[in-house]
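Data block below; observations after.
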Amino acid sequence: MAALVPFSGQLAGLPGDMGGHGSAVAGQAFSVRAYASDTRMLVPPTDNGMIVFDRSGSLTTPTKDWYLQYGKYTGCMFTVEGEGIVRIQATTSAGMFYRNSYETINGRDDPERVAEVTAWKPEKAGLGDHYGKYESVQVVDGFGLPDPDRDMTVRLTKMLGSTIDLPISADDDGDAKSFGLWTNEDYGDAVETAEDPLAATDAVFDTFEGQTITVTAYFEDGSCATQTIELHTADFKATMNDPMAFYGYGSIEVYPEIVDRSMLPNVLGDGVDEGAPFCLHSLYGVIVDENDGPHPYSLDNANEWLDAAVPYTFERRETFTSMGDAVLADQSISDPDGRVTVSVPADPLSEERYGEMCDIELSNLRIERSDRLPFGLAVEDTSDYAGFLGDFAYMNKVSDETLGYQIADDGTLTPGFSYRTVTFEATNPSDEEVPVDARTLGTFAVRDADGRCSALATRALWMTGFEAGVDSNWGAALAPHETRDLSVVYVVPDEFDEQADPLFVFSSYANDDADRVAFRIKSLL
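In case it helps, our numbering puts the sequence shown at residues 782 to 1306.
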């Protein structure tokens, strides 16, 4: 987390004449000033018109796939300052603008808000009664404290779009007039290594090189002024003031001094946590044009995401996914009234018996199709509902985007899907009790001409042994020499019925590639 140090005078390593401090045209004036997003302090331009951006909370980047999906809040924020401003319009040529706001809540007065904040994750953008319109919800103070009366400060990040057109009130705080830069632009082939652990993150910032921000301020007397700021990247000197601040992210100061990165370590280098200077790659801006004209870009798509969250979309699963190269032989496939043997963990919760297996025998497989949940179950009774912690909307979002179906309040499914209850007799031939999680034993599948299997993309909603609201192991226990029916309820696409030779494949825990067995189920669909 960073706070940029205010400074004046020429920025080391840059030419001295970079432009003015603000609009130099007749009428009203305004200035664009860097804004430290964590300390929420203003940082004025330098005497030579330089705007050096903070990089709060953006020291590293996860995988490239993660970045391309979620993007990056750079922490490079600016605010528009001036007397009598009533409206701000701005356009960025790269990425989008975002804005932060802050809220203080506690478990005593705001239990529903605290619950929503605690369960929030990026994939839930667009969901929730209180924070559904935000793309990032982050506790920045008071996180994890046991006292429910203790205040929690929550930072709410709202994507706005590549163009904004927002009214400004004299009562608005600095956050309302401050905007950050977000991007998910492909940064190329940069790969982080032990020698350069920030290569990918630095490459993200390089995508802004040569891009522009155009800002127009409208004043209460009807006049306006416009500035265009060109963005560039450079390596700046920085220090870590408090390594443990902000839950271990650290409190960083970035100095107005461009450095040779080969002469200083990066933020992860030796001695940095003790105050040694390091090199931090960030953005700076130069005013390249200013006039008293209106905003030069179209406002047709302004504030595109002001009132709705940019949705996170889960990747759609393939209808069938390879189960590996192991061949399922003809002799390992039985008719529904046949009998097969699989191995399961003797005691999956015991460290002492880790790896110890027991055989169980499976026979008399049946499949029942229904339009509603069987056994009198409600959605709230399913293990899937419990797995999503009772968040029905999120459960439906995931199933819709990954598998193509939703469950209505009355339990009916999206057309083209149905419930399939798979029931089979399970026999424990041993002299000790054997726990069985029926949902993990088998899957709907098909087999190619070479005998290799592919599993159907589906979801198990309930299985024998699961009781909603009960702290169970989500499975059943077979007593010594007991035979009993075990059932699993799946959601299955109707198109699976069209397969020429559909199977229900069981895999042994001991060697699930080599020890697969299956039942032919065409006659049961």
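Quick reminder that beta carbons are idealized off the backbone N, C-alpha and C, glycines included.
Residue span of the beta strand (DSSP E) that contains Ala-1226, given as start and end: On the sequence shown, position 445 is the one that residue 1226 refers to. Ala-1226 -> beta strand (DSSP E) spans 1223–1228.
Ala-1089 to Asp-1051, Cα distance in whole Å? Translated into the one-based positions of the sequence shown, residue 1089 becomes position 308. Translated into the one-based positions of the sequence shown, residue 1051 becomes position 270. Cα-Cα distance, rounded: 43 Å.
Just the Cα atoms here: how many angstroms apart are Ser-804 and Thr-1007? Locating residue 804 in the sequence shown gives position 23, counting from the first residue. Locating residue 1007 in the sequence shown gives position 226, counting from the first residue. With a pLDDT of 47 at Ser-804, under the threshold of 50, the predicted position of this residue should be treated as unreliable, though the coordinate-derived value follows. Approximately 7 Å, taken between the alpha carbons.
Taking 9 Å as the threshold (C-beta atoms), are Ala-1159 and Gly-1136 in contact? On the sequence shown, position 355 is the one that residue 1136 refers to. On the sequence shown, position 378 is the one that residue 1159 refers to. No. Outside cutoff.
Is Ala-981 buried or exposed, if buried means 16 or more other CB atoms sit within 10 Å of its CB? The sequence position of residue 981 within the sequence shown is 200, counting from 1. Counting Cβ neighbours within 10 Å, Ala-981 comes out buried, since at least 16 surround it.
Could you give the residue range of the alpha helix (DSSP H) that holds Asn-1177? As a working note, residue 1177 is residue 396 in the sequence shown. Element bounds for Asn-1177: 1173–1184.
Mind reading off the beta-carbon distance from Leu-908 to Tyr-1175? Whole number of angstroms is fine, and I expect it under 8 Å. As a working mapping, residue 908 is identified with position 127 in the sequence shown. As a working mapping, residue 1175 is identified with position 394 in the sequence shown. With a Cβ gap of about 6 Å, Leu-908 and Tyr-1175 count as contacting.
I'd like the list of long-range same chain contacts for Glu-884, defined as Cβ closer than 7 Å, with 5 residues on each side in sequence excluded. As a working note, residue 884 is residue 103 in the sequence shown. The residues are Val-935 and Leu-937.
Once DSSP output is grouped into helix, strand and coil, what is the label at Thr-899? Taking the first residue of the sequence shown as position 1, residue 899 is located at position 118. In this structure, Thr-899 counts as helix in the three-state DSSP scheme.
Backbone CA spacing between Glu-862 and Ile-949 [nearest angstrom]: Your numbering for residue 862 matches position 81 in the sequence shown. Your numbering for residue 949 matches position 168 in the sequence shown. Using only the alpha carbons, I get a separation of about 11 Å.
Entirely enclosed alpha helix (DSSP H) segments - the stretch 890–944, minimum 4 residues: 892–900
Who are the Cβ neighbours of Val-867 in its own chain at under 7 Å, not counting the five residues just before and after it? By one-based count along the sequence shown, residue 867 stands at place 86. Cβ neighbours of Val-867 beyond the five flanking positions: Pro-948, Ile-949, Tyr-999, Phe-1000 and Glu-1001.
Nearest neighbour of Ser-1043, chosen from Val-1035, Glu-1034, Pro-1058 and Pro-1037 [CA to CA]: As a working mapping, residue 1043 is identified with position 262 in the sequence shown. The candidate whose alpha carbon is nearest that of Ser-1043 is Pro-1058.
What residue ranges within the stretch 1107–1191 form continuous alpha helix (DSSP H) runs of no fewer than 4 residues, ordered along the chain? 1164–1168 and 1173–1184
Let me know if Trp-1086 comes out buried or exposed under the rule of 16 or more other beta-carbons within 10 Å of its beta-carbon. The residue given as residue 1086 occupies position 305 in the sequence shown. Under this definition Trp-1086 is a buried residue.
Fully enclosed by the stretch 970–1015, which alpha helix (DSSP H) runs are 4 residues long or longer? 980–987
Under 9 Å between C-beta atoms of Phe-1225 and Pro-1283: If you number the sequence shown from 1, residue 1225 lands on position 444. If you number the sequence shown from 1, residue 1283 lands on position 502. A contact, by the Cβ cut-off of 9 Å.
Work out the CA separation of Cys-1060 and Leu-1045 for me, nearest whole Å. On the sequence shown, position 264 is the one that residue 1045 refers to. On the sequence shown, position 279 is the one that residue 1060 refers to. Rounded to whole angstroms, Leu-1045 to Cys-1060 spans 6 Å at the Cα level.
Where Val-1053 sits in the DSSP three-state scheme: Counting from 1 along the sequence shown, the entry for residue 1053 is found at position 272. Helix.
I need the straight-line Cα distance from Gly-768 to Pro-843, nearest angstrom please. It is not possible to answer for residue 768, since the shown part of the chain is limited to 782 through 1306.
Proximity winner among Ser-1199, Met-1138, Ser-1289 and Lys-853, relative to Thr-988 (alpha-carbon distances): Reading the sequence shown from its first residue, position 207 is the one you call residue 988. Out of Ser-1199, Met-1138, Ser-1289 and Lys-853, Lys-853 has the C-alpha closest to the C-alpha of Thr-988.
In the DSSP output, which residue or residues are listed as bridge partners for His-1262? Start at 1 with the first residue of the sequence shown, and residue 1262 comes out as number 481. His-1262 is not bridged to any residue.
Thinking C-beta only, is Thr-873 closer than 9 Å to Val-985? Here the question's residue 985 lines up with position 204 in the sequence shown. Here the question's residue 873 lines up with position 92 in the sequence shown. Against a cut-off of 9 Å, the Cβ pair of Thr-873 and Val-985 comes out as no contact.
Which term fits Asp-946, buried or exposed, when burial requires 16 or more other beta carbons within 10 angstroms of its beta carbon? The residue given as residue 946 occupies position 165 in the sequence shown. Answer is buried; the Cβ neighbour count reaches 16.
Can you give me the Cβ contacts of Thr-1245 inside the same chain, cut-off strictly under 7 Å, excluding the 5 residues immediately before and after it? Locating residue 1245 in the sequence shown gives position 464, where the first residue counts as 1. Here the set comprises Ala-1219, Ala-1257, Leu-1267 and Ser-1268.
I need the DSSP call for Asp-1275, collapsed to helix, strand or coil. Indexing the sequence shown from 1 puts residue 1275 at position 494. DSSP places Asp-1275 in helix when its eight states are reduced to three.
Residue(s) in a DSSP beta bridge with Glu-1099: Indexing the sequence shown from 1 puts residue 1099 at position 318. Beta-bridge pairing links Glu-1099 to no other residue.
Leu-840 to Glu-990 span [Cα, whole Å]: Here residue 840 corresponds to residue number 59 of the sequence shown, with the count starting at 1. Here residue 990 corresponds to residue number 209 of the sequence shown, with the count starting at 1. Leu-840 and Glu-990: Cα-Cα distance of roughly 18 Å.
Check Arg-880 in the structure and name its three-state DSSP category. As a position in the sequence shown, residue 880 is number 99, starting the count at 1. Reduced to three states, the DSSP call for Arg-880 is strand.
Give a yes or no on whether the C-beta atoms belonging to Ile-832 and Gly-1074 are separated by under 9 Å. On the sequence shown, residue 832 is found 51 positions in, with the first residue counted as 1. On the sequence shown, residue 1074 is found 293 positions in, with the first residue counted as 1. Result no, Cβ atoms of Ile-832 and Gly-1074 do not sit closer than 9 Å.
Since I believe Ala-906 is in contact with Glu-1354 (beta carbons under 8 Å), could you give me their beta-carbon distance rounded to a whole number of angstroms? Given a span of 782 to 1306 for the chain in the structure shown, any question on residue 1354 remains unanswerable.
Reduced DSSP category for Leu-947 - H, G, I as helix; E, B as strand; rest coil: In the sequence shown, the residue the question calls residue 947 occupies position 166. Here Leu-947 sits in strand by DSSP.
Looking at the structure shown, is Leu-1237 part of a helix, part of a strand, or coil, going by DSSP? Counting from one through the sequence shown, the residue named residue 1237 turns up at place 456. Strand.
Under three-state DSSP, which class holds Ser-1268? Here residue 1268 corresponds to residue number 487 of the sequence shown, with the count starting at 1. Here Ser-1268 sits in strand by DSSP.
Secondary structure of Ser-1063, DSSP reduced to three states: For the purposes of this step, residue 1063 is taken as residue 282 along the sequence shown, with counting starting at 1. In the structure shown, Ser-1063 sits in a strand (DSSP, three-state: E or B).
Mind checking which residues open and close the beta strand (DSSP E) that includes Leu-1284? In the sequence shown, the residue the question calls residue 1284 occupies position 503. First-last of the beta strand (DSSP E) with Leu-1284: 1284–1287.
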